[in-house]
Amino acid sequence: MSNLLVYSGIVTKTKALEAKVVKDAEYQTIANFESTADFIAYLKSHPGYDHIFSGIDENLIHRGQVEGMIDNCLYKDFSKLYSFSNPEQRKVLDIVFLRYEVNILKYCMHMVYNQHRQYDLDSITAFFNKHSSIDITALASSKSMDEYVENLKGSDYYSVLTSIQKTEITSFDYEMKLDIQYFMKAWKMKDKTLSGDNLKYVTETIGLEIDLLNIMWLYRSKKFYNLQVKDAYAYIIPITYKLKKDKLIKLMETSTIDEFSGVLKTTPYEFMIPSLANGTVEKVYQKTLFKNYKHQSDKYQNSMAPISYYLYLKRTEIDRLTSALECIRYKLDPADTIKYITIT
């Protein structure tokens, strides 16, 4: 059977979901809202979120619940696509889920560090339990990081976190280790389970993200933290793609920002230098990933690339909506809100 026939059904279903994403003009409307209640009332009538917020009293719900419910839209869409997919297509979605798993572990960690932080896990527990054996209810109710790590026993994350547990570390260190574990696991899984166009585009999307993150972290470690080379190794994702190993090592061994930029000029990522210098690197990172997902979707139309592109779009949309909600809460000027949440 041709790839066109194999993927036409799930691609068509994905396009129907994509038609419901929040448009740029709608973000302009959202940026002008004056209250959380206005924000929720708008989503209640939006085709991408009405099924989640229908019947919710916008005057009674708290922000943590709202964030959890918005996240749940992504997981519901993922579940729809997973149910519709065949075993071969699910191999890609299983890799996508690894990112969701780590994100949810981070939410639970935030609740350990801030016992007053509210996040609605109830709406995503059923989804999570279908794909993972980790007990997120136990994680979220942990009273200390020792208890949190113990509740990860039996998972791949347990040994990763216990290896740094006795050192002087912060939530940032734990989160970095979770991210590194995600990339290492996803990289191995795609080589083991994927083939053809799916392997090509997944390698490109994950590889690009790894390279960009390693460059960003190394730059910050030199500019803001003054880390020694041996200490920087602990925060590097030990995988290279277009940023070859010898160049990565040279970047790590540079002593000044000028030296760092000089080495970066000899790599495919020279375009990052201005944004690193002027503080807009996060925007450039997001734009680069967005353009790459779109490029892969257009290039490999009869594969899971269009599905990965949509799920990335949705994840980005949820990040933007969550940020917009924060801006509304703190009464930011609408123009500043738009600047803050604009990606493309």
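Numbering (this note's numbering), first residue to last: 269 to 612. Note that CB positions come from ideal geometry on N, CA and C, so glycine has one too. A quick note: this is a predicted structure, and the numbers were derived from the prediction, not measured.
Between Tyr442 and Met484, how many whole angstroms is the CB-CB distance? I'm expecting something under 8 Å. Their Cβ separation, rounded to whole angstroms, is 19 Å, which puts Tyr442 and Met484 out of contact at 8 Å.
Next item on the list: In the DSSP assignment, find the unbroken alpha helix (DSSP H) run with Thr405 in it and report its ends.
Entry: 404-408
Looking only at C-alpha atoms, which of Ile338, Lys281, Lys288, Ile372 sits nearest to Phe307?
Ile338
Would Val552 pass as a contact of Ser565 if the rule is Cβ separation under 8 Å?
no
CA-CA distance, Gln554 and Ile606?
15 Å
query = Of the residues Leu273, Glu356, Ile298, Thr522, which one's Cα is nearest the Cα of Ser463?
reply = Glu356
Please determine, among Ser591, Lys498, Leu481, Thr584, the residue with the shortest C-alpha to C-alpha distance to Met540.
-> Leu481
message = By alpha-carbon positions, which one of Lys283, Tyr275, Ile298, Lys491 ends up nearest to Thr610?
response = Ile298
*asked:* Less than 6 Å between C-beta atoms, sequence neighbours within five positions excluded: which residues of the same chain meet that for Phe352?
replied: Ile278, Lys281
Euclidean distance between Cα positions of Tyr416 and Leu407:
5 Å
*Since Ile392 and Gly336 are thought to touch, with beta carbons under 8 Å apart, how far apart are those beta carbons, to the nearest angstrom?*
7 Å
- Task: Classify Glu521 as helix, strand or coil using the three-state DSSP reduction.
- Result: helix
Pairwise C-alpha distance: Asp345 and Val289: 12 Å
Name the two residues that bound the continuous alpha helix (DSSP H) containing Tyr577. 573-597
Return helix, strand or coil for Asn466, following the three-state DSSP convention. helix
Worksheet item: If we call anything under 8 Å between Cβ atoms a contact, is Lys515 one with Val531?
Response: yes
Quick one: is Ala454 buried, meaning 16 or more other Cβ sit within 10 Å of its Cβ, or exposed? buried
- May I ask you to verify whether the segment 571-578 touches the segment 356-370, counting CB pairs closer than 8 Å and requiring at least 3? yes
Is the separation between the beta-carbon of Asp403 and that of Asn382 shorter than 8 Å? no
*Following the continuous alpha helix (DSSP H) through Val360, name the residue where it begins and the one where it ends.*
355-381
DSSP state of Ala284, grouped into three classes? helix
Q.
By alpha-carbon positions, which one of Lys283, Glu286, Met444, Tyr608 ends up nearest to Ile504?
A. Met444
Taking the continuous alpha helix (DSSP H) assigned at Pro223, which residues delimit it? Any answer about residue 223 is impossible in this case: the structure gives the chain only from 269 up to 612.
| query | Sorted by chain position, which residues of the same chain lie with C-beta nearer than 6 Å to Asn271's C-beta, five sequence neighbours on each side aside? | reply | Asn570
(Q) Suppose you measure from the CA of Lys411 to the CA of Met379; what does that come to, to the nearest Å? (A) 9 Å
Q. Looking only at C-alpha atoms, which of Tyr493, His330, Glu436, Pro506 sits nearest to Phe451?
A. Pro506
Q) In chain order, which alpha helix (DSSP H) runs of at least 4 residues are fully inside the segment 426-471? A) 439-461
Kindly give me the distance between the Cβ atoms of Ile596 and Phe301, rounded to whole angstroms, as I take these residues to be in contact under 8 Å. 5 Å
Item checked: Own chain partners of Met520 with C-beta closer than 8 Å, once the 5 adjacent residues on each side are dropped -> Leu486, Val497, Ala500, Tyr501, Ile504
Could you spell out where the alpha helix (DSSP H) holding Ser400 opens and where it closes? Ser400 -> no alpha helix (DSSP H), and no H or E assigned at all.
> For Ala592, does the count of other Cβ atoms within 10 angstroms reach 16, so buried, or fall short, so exposed?
Replying inline: buried
At the level of alpha carbons, what is the spacing between Ile478 and Tyr509?
8 Å
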